[in-house]
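> Line by line, the protein sequences are chains A and B.
The first sequence maps to residues 191 to 324 in our numbering.
The second sequence maps to residues 191 to 324 in our numbering.
Built from N, CA and C at the ideal position, the CB exists for glycine as well.
One structure follows; several queries about it will come next.
2 protein chains.
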Amino acid sequence: MKSKNHDRAGQRYSRQREEILNIVRATKTHPTADWVYEQTRQILPSISLGTVYRNLNLLAEEGIIQRLVFEDGKVHFDGNVHEHHHFLCEDNGKILDVEKQYSSQLIEQLFKDTGLKARGCKIEFYGVSESEET
Amino acid sequence: MKSKNHDRAGQRYSRQREEILNIVRATKTHPTADWVYEQTRQILPSISLGTVYRNLNLLAEEGIIQRLVFEDGKVHFDGNVHEHHHFLCEDNGKILDVEKQYSSQLIEQLFKDTGLKARGCKIEFYGVSESEET
DNA sequence: TTTTAGATGCGAATTATAAGCAACTAAAGG
DNA sequence: CCTTTAGTTGCTTATAATTCGCATCTAAAA
């Protein structure tokens, strides 16, 4: 079915946006705009990179996908909008999801320690994900 | 005194690097390369932006300063290399330091929950830092 | 001193991303 | 259906951030 990618004020359906959303939702690789562009081209060969950027940003603004910036300085997108954190593997560069509810605990602790009221938090773990034998 | 900014293999002293390091260490604003450039120019008017980039990256590689990427997608530098986290204020855009030891606790919990061994982690809190009355 | 590898300033090249615009089209109204 | 309207697209051209190439300069060891 057509994911309701147009079910919002001042926004209509477009095939391009539909495919972009499908692609982002179908992967766990936390893709960049460029990767999404390459994938989408295989289905809609005449799509332009600008359209991919526009739609990714639009979907992120709507909260339908997430926009993430990792240490590589690049913007990544994530179809998983539930609370979760990330583990960046220093070996293979992969980004693993950490689907654990660590935020509320930390936010409380932060408040006790500093008085700051956080609305949320993001945790980025880093290390090697696989065994290290050479 | 001249901070030992050259006390490493294949690296010699340079006035430019010294000033850059001083400036990054003297602020808590988590500056971008451009800001550091503007500051350094006031002391060394003929310094070039390329030199600032080169030295910031070099110092970061040596672990003398930290390279951070926040949600604004920009690279920031931090003279504070001790374990600490950040609070991004959604009002004024300021980045506050959270000098608390939350990492080891989380890393342990991550290991228990998933078996992943993290070497470290970064927490980014976000919310409004000041009272919200209008 | 001389030597040498590291550092600098400058300008050109890359990358990632946004902006401008005429042509196209979804969807609401008649 | 046919019109109308405003959102969307592909294209091209900007920007902004960062890196590279290179001749020149200079710390610091010999």
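(1) Is the beta carbon of B/Thr230 less than 8 Å from the beta carbon of B/Val265?
(2) Out of curiosity, what's the CA-to-CA distance linking A/Thr241 and A/Leu234?
(3) Using the beta-carbon of each residue, which ones in chain B are nearer than 9 Å to A/Tyr316?
(4) Pick out whichever of B/Gln232, B/Phe301 and B/Gln299 has its Cα sitting closest to the Cα of B/Gln206.
(5) Beta-carbon separation of B/Tyr227 and A/Gly310 under 8 Å?
(6) Tell me where the alpha helix (DSSP H) around B/Arg244 begins and ends.
(7) Does any residue of chain A have a CB that is nearer than 8 Å to the CB of B/Leu277?
(8) Mapping DSSP to helix, strand and coil, what is A/Arg205?
(9) Have a look at the DSSP bridge pairing and note the partners of B/Thr219.
(10) Based on the DSSP output, what are the partners of B/Phe277 in its beta bridges?
(11) Is the beta carbon of A/Asp262 sitting closer than 8 Å to the one on A/Glu320?
(12) Quick one: list the residues of chain B neighbouring A/Thr304, beta-carbon separation under 7 Å, in chain order.
(13) Taking 8 Å as the CB-CB cut-off, is B/Glu261 touching chain A?
(14) Can you check which of these residues, A/Ile237, A/Gly200 and A/Thr219, is closest to A/Glu209 by C-alpha distance?
(15) Looking at chain B, is there any beta carbon in it that lies within less than 8 Å of the beta carbon of A/Leu246?
(16) Using a Cβ-Cβ cut-off of 8 Å (strictly less than) and excluding sequence neighbours within five positions of A/Lys194, which residues of its own chain qualify?
(17) From the beta carbon of B/Leu296, is the nearest beta carbon of chain A less than 8 Å away?
(18) Quick check on B/Tyr292 - is its C-beta less than 8 Å from some C-beta in chain A?
(19) Is the separation between the beta-carbon of A/Ile299 and that of A/Glu273 shorter than 8 Å?
(20) What residue range does the alpha helix (DSSP H) around B/Asp303 cover?
(21) Can you pull the chain A neighbours of B/Val265, defined as C-beta to C-beta under 7 Å?
(22) Give the interface partners of B/Leu300 over in chain A, defined as CB-CB distance under 7 Å, in chain order.
(23) In chain order, what residues of the same chain have a beta carbon less than 7 Å from the beta carbon of A/Ala308, not counting five sequence neighbours either side?
(24) Near A/Gln201, which residues of its chain fall below 6 Å by C-beta distance, leaving aside the five closest residues on each side in sequence?
With the given structure in hand:
(1) Inclusion of B/Thr230 and B/Val265 in the CB contact set at 8 Å is not warranted, their separation being larger than that value.
(2) In a straight line, the C-alpha of A/Thr241 is about 12 Å away from that of A/Leu234.
(3) From the beta-carbon of A/Tyr316, the residues of chain B found nearer than 9 Å are Ala308, Arg309, Gly310, Cys311 and Lys312.
(4) The residue among B/Gln232, B/Phe301 and B/Gln299 with its C-alpha nearest the C-alpha of B/Gln206 is B/Gln232.
(5) With contacts defined as CB atoms closer than 8 Å, B/Tyr227 and A/Gly310 fail to qualify as a contacting pair.
(6) For B/Arg244, the uninterrupted alpha helix (DSSP H) run begins and ends at Leu239 to Glu251, by DSSP.
(7) For the record, residue 277 of chain B in the displayed sequence is Phe; it is not Leu. Interface residue, yes.
(8) Residue state, collapsed to three classes: helix.
(9) DSSP output for B/Thr219 lists no bridge partner at all.
(10) Answer is B/Leu286 and B/Phe315, bridged to B/Phe277.
(11) No.
(12) Residues of chain B with a Cβ closer than 7 Å to the Cβ of A/Thr304 are, in chain order, Val288.
(13) Interface residue, yes.
(14) Nearest option by C-alpha distance: A/Ile237.
(15) Judged by the 8 Å Cβ criterion, A/Leu246 is not in contact with chain B.
(16) In this prediction, A/Lys194 scores a pLDDT of 48, lower than 50, which makes its location untrustworthy; the coordinate-derived value is nonetheless stated afterwards. Here the set comprises nothing.
(17) Yes, because at least one Cβ of chain A sits closer than 8 Å to the Cβ of B/Leu296.
(18) It does: the Cβ of B/Tyr292 has a partner Cβ on chain A nearer than 8 Å.
(19) Sequence inspection shows Gln at residue 299 of chain A; the Ile mentioned does not correspond to that position. At the C-beta level, A/Gln299 and A/Glu273 stay beyond 8 Å of one another.
(20) Here the alpha helix (DSSP H) through B/Asp303 covers Ser293 to Thr304.
(21) Residues of chain A with a Cβ closer than 7 Å to the Cβ of B/Val265 are, in chain order, Gly263.
(22) Val288 and Phe315, listed in chain order.
(23) Only Ile297 and Leu300 meet the Cβ criterion.
(24) Result list for A/Gln201: empty, nothing under 6 Å.
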